[in-house]
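Visitor: Shown below is the structure under consideration.
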Amino acid sequence: MLARSTVLKNPASLAGSLAAGSLAAGVAYATLIERNAFVVRETTMPVLTPGSAPLRVLHLSDLHMTPRQRRKQEWIRELAAWEPDLVINTGDNLSHPKAVPSVVQALGDLLSVPGLFVFGSNDYFGPTPKNPTNYLFKPSYRITGEPLPWQDLRAAFTERGWLDMTHTRREIEVKGQLVAAAGVDDPHLKRDRYDTIAGPASPAANLTLGLTHAPYTRVLDRFAADGYQLVLAGHTHGGQMCLPFKGAVVTNCDLDPSRAKGPSQWGAHMQLHVSAGLGTSPYAPYRFCCRPEATLLTLVAAPTGGGSLGSRVSVSHPTVSAR
Numbered sequence: 001m002l003a004r005s006t007v008l009k010n011p012a013s014l015a016g017s018l019a020a021g022s023l024a025a026g027v028a029y030a031t032l033i034e035r036n037a038f039v040v041r042e043t044t045m046p047v048l049t050p051g052s053a054p055l056r057v058l059h060l061s062d063l064h065m066t067p068r069q070r071r072k073q074e075w076i077r078e079l080a081a082w083e084p085d086l087v088i089n090t091g092d093n094l095s096h097p098k099a100v101p102s103v104v105q106a107l108g109d110l111l112s113v114p115g116l117f118v119f120g121s122n123d124y125f126g127p128t129p130k131n132p133t134n135y136l137f138k139p140s141y142r143i144t145g146e147p148l149p150w151q152d153l154r155a156a157f158t159e160r161g162w163l164d165m166t167h168t169r170r171e172i173e174v175k176g177q178l179v180a181a182a183g184v185d186d187p188h189l190k191r192d193r194y195d196t197i198a199g200p201a202s203p204a205a206n207l208t209l210g211l212t213h214a215p216y217t218r219v220l221d222r223f224a225a226d227g228y229q230l231v232l233a234g235h236t237h238g239g240q241m242c243l244p245f246k247g248a249v250v251t252n253c254d255l256d257p258s259r260a261k262g263p264s265q266w267g268a269h270m271q272l273h274v275s276a277g278l279g280t281s282p283y284a285p286y287r288f289c290c291r292p293e294a295t296l297l298t299l300v301a302a303p304t305g306g307g308s309l310g311s312r313v314s315v316s317h318p319t320v321s322a323r
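Counting in full-length UniProt numbering, the sequence shown tops out at residue 323, every number present.
And the structure:
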């Protein structure tokens, strides 16, 4: 009894026990709870040409799907209830060689909505274990995972009408409005070949839209120089493990952590939206202060006269069934 009482009165021992308990609770929360606490975030962005009617764009990214992730698959399937006019998928759909059917089934009715996509590294190669502290110093370019069936995923998307934007420029009509889009292959793998799509964005379009998986500054600068109004990207996971009241610490690319998720201004005339994504690597199955998300972007007309683009309002919905 005396020995037990002595241990409990030792401040260092008590502090160590409390720290260990807090760490264990934090790991459990990040792994078991927040990683599966999916949200829909609504954001309004004034990027369309003056006089344009609003467009509802669902931005999906970084599903990192495995066949057993039933909860995530069911949640994604319900997103069609938001009735978007256009779906944008910015890559990293797969984390398992047999996950293509799971991705297709999860997207469900969304594949009947007009859609555009580009791929990321985890569409081409499977994830591998990495030391998470390495991300604090530089992006991780090393790809050693097994090849993934990206051709099958591409075929599944295009057979349902979605358009592959990899090193392609296209013009499509969405809800009576002209969208001029262009995309690049994943800059994180150094596969981007912007010169294949270079040139001024269409002045006749209601929306000029750039797509990239990883938001590397070299690609964003090229889109901005060509006059694009909006670029959508993923890859960062929003920082994944964020600090309370501060946010992201890393982005796994050369993008500033302050832009790790959500909308931001890039240059004088272009807006950037980075999705925090819906998944994680199976070798790093945790999130903290950065819930997995799909984003419903309401694109509205920019102010006339070259004024300020104004503020963006974001609202998080913990469940899909808000419609």
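By construction, the Cβ of each residue, glycine as well, lies at the ideal position given by its N, Cα and C atoms.
Would you please state the rounded distance, in angstroms, between the beta carbons of Val231 and Asp192? I believe it to be under 8 Å.
Guide: So it is not a contact: roughly 13 Å between Cβ atoms.
Visitor: Kindly indicate the opening and closing residues of the alpha helix (DSSP H) around Arg259.
Guide: Neither: Arg259 is in no alpha helix (DSSP H) and is coded neither H nor E.
Visitor: Could you tell me whether the Cβ atoms of Phe125 and Gly91 are closer together than 8 Å?
Guide: No, these two residues do not count as a Cβ contact at 8 Å.
Visitor: Between Glu34, Ser52, Glu42, which has its C-alpha nearest Ala301's C-alpha?
Guide: Measuring from the Cα of Ala301, the nearest candidate turns out to be Ser52.
Visitor: Using a Cβ distance threshold of 8 Å, determine whether the region 71-83 contacts the region 173-180, with at least three qualifying pairs required.
Guide: No, the region 71-83 does not touch the region 173-180.
Visitor: Do you know offhand how far Tyr216's Cα is from Asp254's?
Guide: Roughly 6 Å separates the two Cα atoms.
Visitor: Can you give the beta carbon distance from Asp123 to Leu94, rounded, assuming they're within the 8 Å contact cut?
Guide: Going by Cβ atoms, the distance from Asp123 to Leu94 rounds to 6 Å, so yes, they are a contact pair.
Visitor: Reducing DSSP to helix, strand and coil, say where Thr44 ends up.
Guide: It is a strand residue.
Visitor: Could you tell me which whole alpha helix (DSSP H) segments of length 4 or greater appear in the region 73-128?
Guide: For the region 73-128, whole alpha helix (DSSP H) runs of length 4 or above, ordered along the chain, are 100-107, 121-124.
Visitor: Which residue comes first and which comes last in the beta strand (DSSP E) that contains Ala233?
Guide: First-last of the beta strand (DSSP E) with Ala233: 230-233.
Visitor: What are the boundary residues of the beta strand (DSSP E) that includes Thr298?
Guide: Unbroken beta strand (DSSP E) run through Thr298: 293-301.
Visitor: Determine contact between the region 146-156 and the region 96-114, defined as no fewer than three beta-carbon pairs at a distance below 8 Å.
Guide: At 8 Å Cβ cutoff, the stretches touch.
Visitor: Apart from the five residues just before and just after Gly262, which ones in its own chain have a Cβ nearer than 6 Å to its Cβ?
Guide: The answer is none, since no qualifying residue turns up.
Visitor: For Tyr283, does the three-state DSSP call read helix, strand or coil?
Guide: Three-state result, Tyr283: coil.
Visitor: Within 10 angstroms of its Cβ, does Tyr283 collect 16 or more other Cβ (buried), or is it exposed?
Guide: Label assigned to Tyr283: exposed.
Visitor: Check Thr304 in the structure and name its three-state DSSP category.
Guide: Note: Thr304 maps to helix in three-state DSSP.
Visitor: Which residues in the same chain as Ile76 place their Cβ atom closer than 6 Å to its Cβ, once the five residues preceding and following it in sequence are excluded?
Guide: Same-chain partners within the cutoff: Ala106.
Visitor: Which residues in the same chain have their Cβ closer than 6 Å to the Cβ of Gly227, if we skip the five residues on either side of it in sequence?
Guide: Cβ within range, chain order: Pro200, Ala201.
Visitor: Identify which residue in Thr49, Phe38, Leu60, Ile33 has its Cα closest to the Cα of Leu297.
Guide: Comparing Cα-Cα distances from Leu297 to each of Thr49, Phe38, Leu60, Ile33, the minimum goes to Leu60.
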